[in-house]
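*Asks:* Please read through the structure below; I'll follow up with questions.
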Amino acid sequence: MKKANESLSHTTWKCKYHIVFAPKYRRQVIYGKYKKSIGEIIRTLCERKGVEIIEANACKDHIHLLVSIPPKYSVSGFVGYLKGKSSLMIFDRHANLKYRYGNRKFWCRGYYVDTVGRNKKQIEEYIRNQVQEDYVADQLTLFEEYDPFTGQKNKKK
């Protein structure tokens with residue numbers, strides 16, 4: 001069973017955030033050949049900062065993350081780090097994207113963040129089902145065999 005609280009040497013916390021951000025111009029590039037790579041990059045950057053990804057999903061034109069961020073980092077500082085470093089890493093891995101995005105900026109300037117408290121289960125479920133809702137809306141039938149954030153095999157529904 002997982003601990004309810006995390007701790008540092010002199011701090012105990014339970015800080016969870018629902019974060020949503022999108023590629024510049026809401027381009028639908030996250031699906032396809034870039035989805036797995038973007039997931040690996042985001043997972044690596046979160047591990048470097050000690051941020052736990054509780055739930056994550058990459059929709060075709062935006063990313064949903066439910067994360068636990070240590071209080072030594074501000075949410076805006078972490079999101080800036082995540083978007084800035086991931087942009088550079090995405091352009092290093094996929095040089096052909098440099099011509100679509102000027103100035104090596106892959107993500108939009110803004111983002112959405114919400115604190116998670118009593119509604120953690122609903123937010124986890126929402127993130128988990130977000131792609132399914134997009135499938136219904138767009139009538140997509142694309143199935144990702146492996147989750148790009150966890151690297152684990154997905155179950156067919």
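Position one of the sequence shown corresponds to residue 1 (full-length UniProt numbering), numbered consecutively onward. The C-beta atom is built at its ideal place from N, Cα and C for all residues, glycine as well.
1. Give me the Cα-Cα distance between residue 16 and residue 43, rounded to the nearest whole angstrom.
2. Less than 9 Å separating the beta-carbons of residue 56 and residue 150?
3. Buried or exposed for residue 168, please, with buried defined as at least 16 other CB atoms from any protein chain shown within 10 angstroms of its CB.
4. Between which two residues does the alpha helix (DSSP H) carrying residue 51 extend?
5. Taking only beta-carbon atoms, is residue 113 less than 9 Å away from chain C?
6. Within 10 angstroms of its Cβ, does residue 10 collect 16 or more other Cβ (buried), or is it exposed?
7. Measuring CB to CB, does residue 51 end up less than 9 Å from residue 70?
8. From 48, 68 and 88, pick the residue whose C-alpha is nearest to that of residue 12; which is it?
9. Over what stretch of residues does the beta strand (DSSP E) that includes residue 112 continue unbroken?
10. Taking only three categories from DSSP, how would you classify residue 81?
11. Does the beta-carbon of residue 82 have 16 or more other beta-carbons within 10 angstroms, so that it is buried, or is it exposed?
12. On the three-state DSSP scale, how would you describe residue 105?
13. Kindly indicate which residue of 84, 79, 63 and 64 has the alpha-carbon position closest to the one of residue 106.
14. So, helix, strand or coil for residue 69, using DSSP?
15. Kindly identify the DSSP beta-bridge partner or partners of residue 20.
*Replies:* Working from what's here:
1. Along the sequence shown, read from residue 1 onward, the residue named residue 16 stands at position 16. Along the sequence shown, read from residue 1 onward, the residue named residue 43 stands at position 43. Answer to the nearest angstrom: the Cα atoms are 16 Å apart.
2. Residue numbering aside, residue 56 sits at position 56 when the sequence shown is read from its first letter. Residue numbering aside, residue 150 sits at position 150 when the sequence shown is read from its first letter. For residue 56 and residue 150, yes; Cβs fall inside 9 Å.
3. The displayed coordinates of the chain run from 1 to 157. Any statement about residue 168 would go beyond what the structure contains.
4. Taking the first residue of the sequence shown as 1, we reach residue 51 at position 51. For residue 51, there is no enclosing alpha helix (DSSP H), as DSSP marks it with neither H nor E.
5. Among the chains of the structure shown, chain C does not appear; only one protein chain is present.
6. Here residue 10 corresponds to residue number 10 of the sequence shown, with the count starting at 1. By the 10 Å Cβ count, residue 10 comes out exposed.
7. For the purposes of this step, residue 51 is taken as residue 51 along the sequence shown, with counting starting at 1. For the purposes of this step, residue 70 is taken as residue 70 along the sequence shown, with counting starting at 1. The answer is yes: Cβ separation under 9 Å.
8. Stepping through the sequence shown from its first residue, residue 12 is reached at position 12. For residue 12, the closest C-alpha among the options 48, 68 and 88 is that of 68.
9. Taking the sequence shown and counting its residues from 1, the one referred to as residue 112 is at position 112. Start and end: 112–116.
10. Counting from 1 along the sequence shown, the entry for residue 81 is found at position 81. Residue state, collapsed to three classes: helix.
11. In the sequence shown, residue 82 corresponds to position 82, counting from 1. By the 10 Å Cβ count, residue 82 comes out buried.
12. Here residue 105 refers to the residue found at position 105 when the sequence shown is read from its first residue. Under the three-state reduction of DSSP, residue 105 is assigned to coil, being neither helix nor strand.
13. One-based indexing of the sequence shown puts residue 106 at position 106. It is 84 whose Cα lies nearest to the Cα of residue 106.
14. Taking the first residue of the sequence shown as 1, we reach residue 69 at position 69. Here residue 69 sits in coil by DSSP.
15. Translated into positions along the sequence shown, residue 20 becomes position 20. Assignment of beta-bridge partners to residue 20 by DSSP yields 64 and 112.
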